[in-house]
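These notes are about the structure you will find just below.
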Amino acid sequence: MSTTTVTQAPVKPRTLVDMNWDPITRIVGSLGIYTKIDFANREVAECYSTSSIFRGYSIFMKGKDPRDAHFITSRICGICGDNHATCATYAQNMAFGVRPPAIAEWIVNLGEAAEYMFDHNIFQDNLVGVDFCEQMVKETNPSVWEKAKTTEAPHAADHGYRTIADIMTALNPFSGEFYRETLHVSRYTREMFCLMEGRHVHPSTLYPGGVGTVPTIQLFTDYLVRLMRYC
Amino acid sequence: MAAANAPYGRVTQRPPAVKDVHIVWITAGLGCDGDSVSITAATQPSVEDVVMGAIPGLPNVHLHNPVLAYEVGDDFMKYYYQAEQGLIDPFVLVVEGSIPNENLSGDGYWAAVGTDALSGQPIKTTEWIDRLAPKALAVVAIGTCATYGGIHAMEGNPTGCMGLADYLGWDWKSKAGIPIVNVPGCPVQPDNFMETVLYLLYVAAGLAPMIPLDEAGRPTWLFAKTVHEGCDRGSYYEEADFAGEYGSPKCLVKLGCWGPVVNCNVPKRGWMAGLGGCPNVGGICIGCTMPGFPDKFMPFMDEPPGSKISSSMIGVYGAAVRALRGITNATVNKEPKWRHNRPELTTGYKAAPLQVKERAS
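Protein chains in written order, with this note's numbering: chain E, 1 to 231; chain G, 232 to 592.
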């Protein structure tokens, strides 16, 4: 087998342009992205991220009662606080050598299932979806918008949006039909979460060794009817 | 929209005193953005109701919140600068997260957002508060971090952080004469915050009097009552009937609930759509709306010292009342004895004398 020589494309003279985005919005947390971009060679020459807030959980949790840990670690994140709380109770259970009853495991799992439903839809349509909305695409990529207007959306009969542009319009913040429907869906999925874990984003009924939630027939009926709306 | 096509109520409504109000929101305190996420759950009113003009009488509302913003980076930061320069006036400043003590951060900083164009250095959150608070129509602290310090201000914290009123001063007033409005909660109860914003927008529109606040800066109609006063398990307390394990529907004070001494409407209002909450659904109240949170309630999982005294005092009375109510309850759970299918009437009905005579003739 003969060796081939890869001829490198001639490197154009390097001109670095500072491109910074701080803060990155529509995420939770304080993220900044700082880059130096070589547009001529289509290369991001340098890039670093910043997080401009320090709180110190690992410092101020020292010496605190470990049974309280899940109430504290929940506050690390305002969108997935319950995941932190849930994992903290797993750690507590291992540390204390206790095992929650099966019904408590079910209640936590149903709460977390509702959380996934909430989280995925608000993330996709209300946070990320805005990057693909009519307003954004028109402003940043007008040619894509023109193409979207004549591109038929697959499965239009199922969702009712004839073209890709129609979907983009529906994703416009607050005025978009899809955006607003997602807010509505994010609410009843959070209601499902609250049925199991009391509050969103920082749950109230999780404890080491089990949950405080009272498992009644009504509780599961209320959860089920909301779940059926999602399907 | 043409006036002819507008709903009748919209036509008859007095136009707002100002046409546009901006809400400039800083999430760059020491927080988790959980209050911004929480308010997207609100329905009374919802954020889209307020932003889209669904509520008659309100000015046009322009929301600038980093978690929901269309813009990124400098395009978003421009609203902070415009507010500082008086270009978007009036505006309500919302602060989320506790305020770090930058006297202690040396050459560095604890919290910042945006970059100073001249120095290339981050602009501290405290700097933004200093720039924007004097220009704001009203300043609202959202969540317990911004109101009183909260979790990040607990004992042993390295940042020396505090609430907004600790930073600006408890006597601070906006240029419109409005004190700092505190809406605590960890996170804030969604409707509590949106309703407070709605009230302030009515104030801006000239349609409402000064917002009523208590000594801790909280709207009185939301925070005057205790958790216990709104808790559907309060009657178990009255009967000295206490939960000894998780999953019980009884009063939770023995498991660590602080409800009797905490100002919060969540058990009454629910978390959202009337659902969820804390002690009403089996979660101990850890006092997350309070200035003393979290330290004065820790360890959360221990019975509050005060409730040991009150719950033992109520023990004798509660047990007696519960026994007596048990007897009465058993009685009222039985139907009156005259409801039967036997061939006689035992209801106590007596035929009128006149009817008896007529039948005899």
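Using N, Cα and C, we set each Cβ at its ideal position, and we do this for glycine too.
Reference residue 301 (chain G); option with closest CA among E:193, E:121, E:53, E:174: Position 70 of the second sequence, counted from the first residue, corresponds to residue 301 (chain G). When only C-alpha atoms are compared, the closest one is E:174.
Any chain G beta carbon closer than 7 Å to residue 96 (chain E): In the first sequence, the residue the question calls residue 96 (chain E) occupies position 96. Residue 96 (chain E) does not count as touching chain G.
Contact belief for residue 251 (chain G) with residue 295 (chain G) at Cβ below 8 Å, rounded distance in angstroms: Within the second sequence, the letter at position 20 stands for residue 251 (chain G). Within the second sequence, the letter at position 64 stands for residue 295 (chain G). In fact, because the Cβ distance is near 12 Å, the residues do not count as touching under 8 Å.
Beta bridge counterpart(s) of residue 494 (chain G) as assigned by DSSP: As a first step, residue 494 (chain G) must be located in the second sequence, where it is residue number 263. DSSP lists G:457 as partners of residue 494 (chain G).
Closest by C-alpha distance to residue 196 (chain E), when choosing among G:338, G:514, G:330: For the purposes of this step, residue 196 (chain E) is taken as residue 196 along the first sequence, with counting starting at 1. Nearest Cα to residue 196 (chain E) within the set G:338, G:514, G:330: G:514.
Span of the alpha helix (DSSP H), counted from its first residue to its last, around residue 423 (chain G): For the purposes of this step, residue 423 (chain G) is identified with residue 192 of the second sequence, where counting begins at 1. Its alpha helix (DSSP H) spans residues 421-435.
Residue 246 (chain G) versus residue 397 (chain G) - alpha carbon distance: Here residue 246 (chain G) refers to the residue found at position 15 of the second sequence. Here residue 397 (chain G) refers to the residue found at position 166 of the second sequence. Approximately 37 Å, taken between the alpha carbons.
Three-pair Cβ contact test at 8 Å for the segment 118-130 of chain E versus the segment 150-166 of chain E: Output reads no: the segment 150-166 of chain E does not touch the segment 118-130 of chain E.
Beta-carbon gap between residue 29 (chain E) and residue 265 (chain G) smaller than 7 Å: Counting from 1 along the first sequence, the entry for residue 29 (chain E) is found at position 29. Counting from 1 along the second sequence, the entry for residue 265 (chain G) is found at position 34. Their beta carbons are not under 7 Å apart, which means residue 29 (chain E) does not touch residue 265 (chain G) by this criterion.
Within-7 Å CB hit, residue 59 (chain E) to chain G: Numbered from 1 along the first sequence, position 59 holds the residue referred to as residue 59 (chain E). True, the Cβ-Cβ gap to chain G drops below 7 Å.
Bridge partners - residue 482 (chain G), DSSP secondary structure assignment: The sequence position of residue 482 (chain G) within the second sequence is 251, counting from 1. According to DSSP, which records beta bridges pairwise, residue 482 (chain G) is partnered with G:473.
Span of the beta strand (DSSP E), counted from its first residue to its last, around residue 291 (chain G): Position 60 of the second sequence, counting from 1, holds the residue named residue 291 (chain G). Segment 291-295, the beta strand (DSSP E) holding residue 291 (chain G).
Residue 173 (chain E) at chain G interface by Cβ criterion, 7 Å: One-based indexing of the first sequence puts residue 173 (chain E) at position 173. With its beta carbon less than 7 Å from one in chain G, residue 173 (chain E) belongs to the interface.
Inter-stretch contact at 8 Å, needing at least 3 Cβ pairs: the segment 269-289 of chain G / the segment 416-425 of chain G: yes
Reference residue 436 (chain G), options G:248, G:324, G:286, closest by Cα: Taking the first residue of the second sequence as position 1, residue 436 (chain G) is located at position 205. Taking only the C-alpha atoms, the option nearest residue 436 (chain G) is G:248.
Close-in-space but distant-in-sequence residues of the same chain around residue 243 (chain E) (CB under 8 Å, 5 per side omitted): Because residue 243 (chain E) is not part of the residues shown, which for chain E are 1 to 231, the question remains open.
Closer than 7 Å to chain A by CB, residue 383 (chain G): Here chain A cannot be found, since the structure's protein chains are E and G.
Per-residue burial, residue 449 (chain G) [other beta carbons within 10 Å of its own, 16 or more giving buried]: On the second sequence, residue 449 (chain G) is found 218 positions in, with the first residue counted as 1. Counting Cβ neighbours within 10 Å, residue 449 (chain G) comes out buried, since at least 16 surround it.
Nearest candidate by alpha-carbon position, reference residue 410 (chain G), set G:343, G:383, G:400: As a position in the second sequence, residue 410 (chain G) is number 179, starting the count at 1. Comparing alpha carbon positions, the residue from G:343, G:383, G:400 closest to residue 410 (chain G) is G:400.
Residue 98 (chain E) versus residue 430 (chain G) - alpha carbon distance: Within the first sequence, residue 98 (chain E) is the residue found at index 98, counting from 1. Within the second sequence, residue 430 (chain G) is the residue found at index 199, counting from 1. So the two alpha carbons sit approximately 48 Å from each other.
Stretch-stretch touch, CB-based, cutoff 8 Å, three pairs: the segment 34-46 of chain E with the segment 362-378 of chain G: Under the three-pair Cβ rule at 8 Å, the segment 34-46 of chain E does not count as touching the segment 362-378 of chain G.
Beta carbon proximity, residue 18 (chain E) to chain G, threshold 7 Å: Looking up residue 18 (chain E) in the first sequence gives position 18. It does not: the Cβ of residue 18 (chain E) has no partner Cβ on chain G nearer than 7 Å.
Contact check, residue 21 (chain E) vs residue 345 (chain G), beta carbons under 7 Å: By 1-based counting over the first sequence, the position of residue 21 (chain E) is 21. By 1-based counting over the second sequence, the position of residue 345 (chain G) is 114. Not a contact, by the Cβ cut-off of 7 Å.
Contacts of residue 191 (chain E) in chain G (Cβ-Cβ under 8 Å): The residue you call residue 191 (chain E) lines up with position 191 of the first sequence. 503, 504, 506, 507, listed in chain order.
Counted within 10 angstroms of its Cβ, other Cβ atoms place residue 235 (chain E) as buried (16 or more) or exposed: This structure leaves residue 235 (chain E) out entirely; chain E is present only between 1 and 231.
Below-7 Å beta-carbon distance, residue 221 (chain E) vs any chain G residue: Counting from one through the first sequence, the residue named residue 221 (chain E) turns up at place 221. Chain G, which has no Cβ nearer than 7 Å to the Cβ of residue 221 (chain E), makes this no.
Helix, strand or coil at residue 49 (chain E) according to DSSP, with G and I counted as helix: To locate residue 49 (chain E), count along the first sequence from 1; it is residue 49. The answer is strand: DSSP assigns residue 49 (chain E) an E or B state.
Three or more C-beta pairs below 8 Å linking the segment 58-77 of chain E and the segment 379-387 of chain G: yes
Classification of residue 318 (chain G) by the beta-carbon crowding that lies within 10 angstroms, buried from 16 upward: Here residue 318 (chain G) is taken as the residue at index 87 of the second sequence, counted from 1. Exposed: under 16 other Cβ atoms inside 10 Å.
Whole runs of the alpha helix (DSSP H) within the segment 359-406 of chain G, excluding any shorter than 4 residues: 374-379, 395-399
CA nearest to the CA of residue 390 (chain G), picked from G:368, G:349, G:328: By one-based count along the second sequence, residue 390 (chain G) stands at place 159. The residue with the shortest Cα to Cα distance from residue 390 (chain G) is G:328.
Between the CA atoms of residue 11 (chain E) and residue 1 (chain E) - distance to the nearest angstrom: Looking up residue 1 (chain E) in the first sequence gives position 1. Looking up residue 11 (chain E) in the first sequence gives position 11. Residue confidence for residue 1 (chain E) is low, a pLDDT of 45 falling below 50, so the modelled location carries little weight and cannot support an answer.
Contact set between residue 65 (chain E) and chain G, taken where Cβ atoms lie within less than 9 Å: Stepping through the first sequence from its first residue, residue 65 (chain E) is reached at position 65. Those are 529, 530, 531, 532, 533, listed as they occur along chain G.
Residue 343 (chain G) at chain E interface by Cβ criterion, 7 Å: Taking the second sequence and counting its residues from 1, the one referred to as residue 343 (chain G) is at position 112. Yes, because at least one Cβ of chain E sits closer than 7 Å to the Cβ of residue 343 (chain G).
Backbone secondary structure at residue 571 (chain G) - three-state DSSP: Position 340 of the second sequence, counted from the first residue, corresponds to residue 571 (chain G). Residue state, collapsed to three classes: coil.
Chain-ordered neighbours of residue 200 (chain E) on chain G, where CB pairs are closer than 8 Å: Reading the first sequence from its first residue, position 200 is the one you call residue 200 (chain E). What residue 200 (chain E) touches in chain G: 269, 272, 502, 503, 507.
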